[in-house]
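Chemist:
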Amino acid sequence: MTPDWLLASADALAALVPDGASVAIGTDNSGAPMELARALVRRGTRDLHVVCVPIAGLPVDLLIGAGAVATLETSAITFGEYGTPHRFQAAVARGSLRLFDATCPAIYAALEAGRKDIPFIPLRGLIGSDLLKHRPDWKVQDNPFAAARDPIVLLPAIRPDFALIHADYADRNGHVFIGRRRDAALMAQAARHGALVTVEEVREDVDLMADETTAAAALPAIYARAVAIAERGAWPLGLDERYGIDEAHMAHYGELARSDDGFVRYLDTHVAPRRQAAE
Amino acid sequence: MTPDWLLASADALAALVPDGASVAIGTDNSGAPMELARALVRRGTRDLHVVCVPIAGLPVDLLIGAGAVATLETSAITFGEYGTPHRFQAAVARGSLRLFDATCPAIYAALEAGRKDIPFIPLRGLIGSDLLKHRPDWKVQDNPFAAARDPIVLLPAIRPDFALIHADYADRNGHVFIGRRRDAALMAQAARHGALVTVEEVREDVDLMADETTAAAALPAIYARAVAIAERGAWPLGLDERYGIDEAHMAHYGELARSDDGFVRYLDTHVAPRRQAAE
Amino acid sequence: MSAVSRQELLIHTIAGLLAGCRSVAVGASSPIPGAGALLARRRAAAETPARRLHVTILGSRRHNAMNSGGVELFDMAAEGRVDAFFLGGGQIDGAANINLVGAGGEYPRMKVRWPGSFGSAYLYHLVPRVILFREEHTRRVMVEKVDFISAAGPRDDGVYRPGGPIGLLTDLCWFDFDRPRRRFVLRSLHPGRTLEEVRDNTGFAFEVAPDLGPTREPDAATLASIRGPVAAELRDAYPRFVDRVFPAAA
Amino acid sequence: MSAVSRQELLIHTIAGLLAGCRSVAVGASSPIPGAGALLARRRAAAETPARRLHVTILGSRRHNAMNSGGVELFDMAAEGRVDAFFLGGGQIDGAANINLVGAGGEYPRMKVRWPGSFGSAYLYHLVPRVILFREEHTRRVMVEKVDFISAAGPRDDGVYRPGGPIGLLTDLCWFDFDRPRRRFVLRSLHPGRTLEEVRDNTGFAFEVAPDLGPTREPDAATLASIRGPVAAELRDAYPRFVDRVFPAAA
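Protein chains in written order, with numbering that gives the first Met the number 0: chain A, 0 to 278; chain B, 0 to 278; chain C, 0 to 249; chain D, 0 to 249.
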């Protein structure tokens, strides 16, 4: 019998995300939720508020290009050595995004505050940066514990609706292997409705929480709203030791995403049809 | 060659702790730093400020009884089902301790603030408790992000000088296996000078950080000020799967610690002489 | 099947109070609440469709939904991921204030010193269904006014407080807590107990529900569940309790 | 041994700037600072007694002292556990303000949009030895005033700031940063570079050290170290860089 936490596909997970929802997405390095992003595009999702943890790349460029994103909070959008995020740049140039430029530790601290459900958290640094000028939601206040004047930034907590995560596997109880990718845990914990998780496989032979070593490497099931299998779900990005980045496809994306027309062709070819697992 | 991070004994670690230092100590359940506590008593340490994370038991009762503690911050002192912390109770009755009664999540949040080196952190709950009456260091302020009146407690950060930890093993690079005992990591990170760690053994055959699973279960070496081997270093408390609690000895301690004289005899017998590893 | 024991009645009552929960946490040294949560988990799994109830028993390795250290329980509670929790007290008063610090004398040099407040001052505000649980029901424990407030009962102070007590379970009875009126209401008497006995042993004023009745006893199937699989599961966290109370459990 | 390459000179210079550090972190896409840190680690290990230098290269699995997620670098910096870090900038100005957001036009619709500020606005305040590193030394990068301040240079604003820049390393030269006077001071010219060339390519005013001299080149042993073990260790994080710049590295 299929357990209640396991859904049929990334598309079934995407169906849980209403228009206007806020979603947290991590970096391209490991476990980027590409198939989930494609499923959100297929669903025609609109008006997402995307929080990048603390930066993001391809999945967010894709969602922006497809018109799914209204608001973007990030410390950077980058493909690293694999090209330029043209759809992000085009949206910035058009002014079609509500953009909240941030800095990595501020996004982390705000998610940590979200995880504690405290309304705000102070953070050092930041003062003097122009980021503050454009963040009316960040306040500068005097540290009430200091004897002398000590201005410090207060950040409002971030609680996204969902965290979008791709991971290597879930065990038979729905615990998800994340290794030392603790960002995935932070995102899932801070998310009001938990994580939507795609995995390469469900391993019936594993009980991560039964052993002290593997327990430390798990995202406990309680933080996963639902899980679905999506083989090669990070493609064309890589996943840890399992598969590397598809450089040829990244170059192909970069070429097509350079223009509006090309991007539409990309969507038609690589996103609109449900991708076959073996691809 | 002995690496620079590995000292000869718990006593060599205790020698790094000056009188008046603040030290963080965790619960009795797993990895209680008993041999370190004995070494601190042997050194004749005085005026410690002990922060219990978030509660403690035997090592703190021992340190209090030996007159090593000036200030105690804790959410509880308890031996669970293994008796009564008589030395703690006697010190409270005499008024010989500066006592900061706390609540578990406040100690955690303050250590998390310490780890970020932010001066304070807000926390929900607490208001209405008499704890607040006796904590002039805790402030109640209105949440500046709320439209209406919203009082919330602000806690000052805690940065102990050292975290005292006993663990199963260190690997060849000084990374320490802690499994999912993330409290040990929090204490070590928040500590200004890192953790003083006793371990059952150093495993030359292990490199915890080389693998994603075991890396998640490590306390990275950068947080350990120094490490020493202390076999059965949690005795008479237990350590995970390695050994259980010595119930007979707990009963013996409970009997002797009931009186000042009896406690002196306990120190003479079980603390003053360096304990042999095989005991 | 032998008669229902005191512990079995409490375990059964607690499982009933946890109906519908998705996530329950149980503090240290709480074998009866732990057993109640494990029984509730079995019931949820037997629903159609099966429902998962996450149970975390502090100090247990097997019944533990967490892996991020002790702070995780408190963060989870704030996140809204803990539906129910249990608190006790050396003293409990009629406004549902609880005292885990000490009695008599002036703080901090109290005549009797208990371990301390643990997480009560926080969880009491954030967990929607806090079950006050204290087996000893005497005027020593159930007092008019606690000597030290570890965690305050709900009050009209404008403080953010999604959580609070739903009632108080003792060896004698179950009280509902009427939050708007900030009073306990005696709802059910355990088999063999009387209203007079409760009055004699309670130091605070309380109301009596018009439909005051007996606490429901577990049926045979539930008893079998408690004595069999629940007791076996509980052994991981409370071996001595199981040996003492359920010596027949495998 | 063949002539010192541009990259080797920079790696050697960076290792010298890291002398005495106990802990160095290197951001993403920074192979030259990464190699400099690895060279510094080898030197510390060769001291008597051997000294451990913790190196964390973001994106590397082997050279990574951390396991608590991305936030750990920032917490470590606040804790005082990161002695040195590297920052660059699409624009850098004479007051050591750096811009990683974009140029031209009005924010947010800038003419050129770069990735974003990353952790700069924070680490610049907290890491005691921030090394500004940008290979391109042109008037496009080295500007009088940045179009957007991602992270502000040190100023007299009473803000808690234990950290800040110690200087700026480019393909042409090394500038010290004089913090009290908030100005760059040209300290050394790379082999073959001239003061005139630096002036022509720098959009901000700077001072010239009275003892301006050439940037020291690595000796043969250091070069062998860079080309051999350092290049090999760097491969874990930067395989393509190593293949291109050190094709002979095993």
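Cβ atoms here follow ideal geometry from the backbone N, Cα and C, with glycine treated the same way.
In this text the structure is predicted, and so the values were computed from the model without any measurement.
Let me know if Pro246 (chain D) comes out buried or exposed under the rule of 16 or more other beta-carbons within 10 Å of its beta-carbon.
Modeler: Exposed, by the Cβ-count rule.
Chemist: Let me check one thing: in DSSP terms, what residues is Lys138 (chain A) bridge-paired to?
Modeler: BP columns for Lys138 (chain A) point to A:Leu153.
Chemist: Please report the distance separating the alpha-carbon of Tyr81 (chain A) from that of Val263 (chain A).
Modeler: One C-alpha to the other measures close to 20 Å.
Chemist: Counting only the same chain and skipping the five closest in sequence on each side, list residues whose C-beta sits under 6 Å from that of Ala277 (chain B).
Modeler: For Ala277 (chain B), the predicted structure reports a pLDDT of 37, less than 50, and the residue's modelled location is therefore unreliable. The matter cannot be settled from this model.
Chemist: If the criterion is Cβ atoms closer than 8 Å, does the pair Arg114 (chain A) and Glu78 (chain C) meet it?
Modeler: Going by C-beta atoms, Arg114 (chain A) is nearer than 8 Å to Glu78 (chain C).
Chemist: Look at the Cβ atom of Ala280 (chain B), then the Cβ atom of Ile24 (chain B), and state whether they are nearer than 8 Å.
Modeler: Past the boundaries of the shown model lies residue 280 (chain B); chain B is included only from 0 to 278, so the question cannot be answered.
Chemist: Tell me which residues of the segment 82-107 of chain C have at least one Cβ-Cβ distance to chain B shorter than 7 Å, keeping chain order.
Modeler: Of all residues in the segment 82-107 of chain C, Val100, Tyr106 and Pro107 have a Cβ within less than 7 Å of some Cβ in chain B.
Chemist: Check whether chain A comes within 8 Å of Thr102 (chain B), counting only Cβ atoms and requiring the distance to be less than that.
Modeler: No, Thr102 (chain B) does not count as interfacial toward chain A.
Chemist: Whose CA, out of D:Gly103, D:Pro48, D:Pro161 and D:Ala34, lies closest to the CA of Arg80 (chain D)?
Modeler: Comparing Cα positions, the closest option is D:Pro161.
Chemist: Give the list of continuous beta strand (DSSP E) stretches no shorter than 3 residues that lie fully inside the segment 160-231 of chain C.
Modeler: Segments of the beta strand (DSSP E) lying fully in the segment 160-231 of chain C: 164-168, 172-177, 182-188 and 206-213.
Chemist: Output the distance between the C-alpha atoms of Ile151 (chain A) and Gly157 (chain D), rounded to the nearest integer angstrom.
Modeler: If you take the alpha carbons of Ile151 (chain A) and Gly157 (chain D), they lie about 11 Å apart.
Chemist: Is there a Cβ of chain D sitting closer than 8 Å to that of Asp129 (chain A), yes or no?
Modeler: True, the Cβ-Cβ gap to chain D drops below 8 Å.
Chemist: From this set, C:Phe203, C:Tyr159, C:Pro179 and C:Arg133, which residue's C-alpha is nearest Gln6 (chain C)'s C-alpha?
Modeler: Checking every option, the nearest Cα to that of Gln6 (chain C) belongs to C:Arg133.
Chemist: Just to confirm the assignment: which complete beta strand (DSSP E) runs, minimum length 3, are found wholly within the segment 108-138 of chain B?
Modeler: Within the segment 108-138 of chain B, the complete beta strand (DSSP E) runs of at least 3 residues are 119-122.
Chemist: Is it buried or exposed, Pro164 (chain D), if we count other Cβ atoms within 10 angstroms and call 16 or more buried?
Modeler: It counts as buried.
Chemist: Taking Val23 (chain D) and Asp82 (chain D) to be in contact with their CB atoms under 8 Å, please state how far apart those CB atoms are, rounded to whole angstroms.
Modeler: At roughly 6 Å, the Cβ-Cβ gap stays under 8 Å, so Val23 (chain D) and Asp82 (chain D) are in contact.
Chemist: Candidates C:Lys144, C:Pro238, C:Arg128 and C:Phe240: which alpha carbon is nearest Gly15 (chain C)'s?
Modeler: Nearest option by C-alpha distance: C:Arg128.
Chemist: Would the beta-carbon of Pro58 (chain B) fall within 8 Å of that of Ala36 (chain B)?
Modeler: Yes, Cβ-Cβ distance for Pro58 (chain B) and Ala36 (chain B) is below 8 Å.
Chemist: Please look up how many angstroms separate the CB atoms of Val196 (chain A) and Ala169 (chain A), rounded, as I've assumed it's under 8 Å.
Modeler: Indeed, because the Cβ distance is near 7 Å, the residues count as touching under 8 Å.
Chemist: Residues in the segment 218-241 of chain A with C-beta within 9 Å of chain C's C-beta atoms, listed in sequence order?
Modeler: Per Cβ criterion, the list reads Leu218, Pro219, Ala220, Ile221 and Tyr222.
Chemist: Along chain A, which residues have their Cβ under 7 Å away from the Cβ of Asn66 (chain D)?
Modeler: Within chain A, the residues near Asn66 (chain D) are Arg179.
Chemist: Please report the distance separating the alpha-carbon of Ile10 (chain D) from that of Asp175 (chain D).
Modeler: Those two C-alpha atoms are separated by around 17 Å.
Chemist: Smallest Cα separation from Leu207 (chain B): which of B:Ala146, B:Phe176 and B:Ala147?
Modeler: It is B:Phe176.
Chemist: Is there a C-beta anywhere in chain A that falls below 8 Å from the one on Arg243 (chain D)?
Modeler: With 8 Å as the cut-off, Arg243 (chain D) does not count as an interface residue toward chain A.
Chemist: Which value, in whole angstroms, describes the spacing of the CA atoms of Leu125 (chain D) and Tyr123 (chain C)?
Modeler: Distance between the alpha carbons of Leu125 (chain D) and Tyr123 (chain C) is about 38 Å.
Chemist: Looking at the C-beta of Arg134 (chain B), does it have a partner C-beta in chain D at a distance below 8 Å?
Modeler: False, the Cβ-Cβ gap to chain D never drops below 8 Å.
Chemist: Thinking C-beta only, is Phe240 (chain C) closer than 8 Å to Met141 (chain C)?
Modeler: Their beta carbons are not under 8 Å apart, which means Met141 (chain C) does not touch Phe240 (chain C) by this criterion.
Chemist: Determine the closest residue to Val91 (chain A) out of D:Ala219, D:Val70 and D:Trp113, with distance taken between C-alpha atoms.
Modeler: Nearest of D:Ala219, D:Val70 and D:Trp113 to Val91 (chain A), Cα basis: D:Trp113.
Chemist: Going by DSSP, what residues sit across from Tyr261 (chain D) in a beta bridge?
Modeler: The displayed coordinates of chain D run from 0 to 249. Any statement about residue 261 (chain D) would go beyond what the structure contains.
Chemist: Could you tell me which of A:Leu96, A:Pro219, A:Pro84 and A:Thr212 sits nearest to Met65 (chain C), measuring between CA atoms?
Modeler: Checked all of A:Leu96, A:Pro219, A:Pro84 and A:Thr212; the closest Cα to Met65 (chain C) is A:Pro219.
Chemist: Please work out which residues of its chain come closer than 8 Å, Cβ to Cβ, to Glu232 (chain D), disregarding the five sequence neighbours upstream and downstream, and give them in chain order.
Modeler: These residues qualify, in order along the chain: Leu37, Arg61 and His62.
Chemist: Out of curiosity, what's the CA-to-CA distance linking Ile130 (chain D) and Arg180 (chain A)?
Modeler: Their Cα atoms are separated by approximately 28 Å.
Chemist: Would you check if there are 3 or more beta carbon pairs closer than 8 Å linking the segment 102-120 of chain B to the segment 154-165 of chain B?
Modeler: At 8 Å Cβ cutoff, the stretches touch.
Chemist: Could you give the first and the last residue of the continuous alpha helix (DSSP H) run that contains Phe73 (chain D)?
Modeler: That run of the alpha helix (DSSP H) goes Val70 to Glu78.
Chemist: Which value, in whole angstroms, describes the spacing of the CA atoms of Gly193 (chain B) and Ala20 (chain B)?
Modeler: Whole-angstrom Cα-Cα distance: 13 Å.
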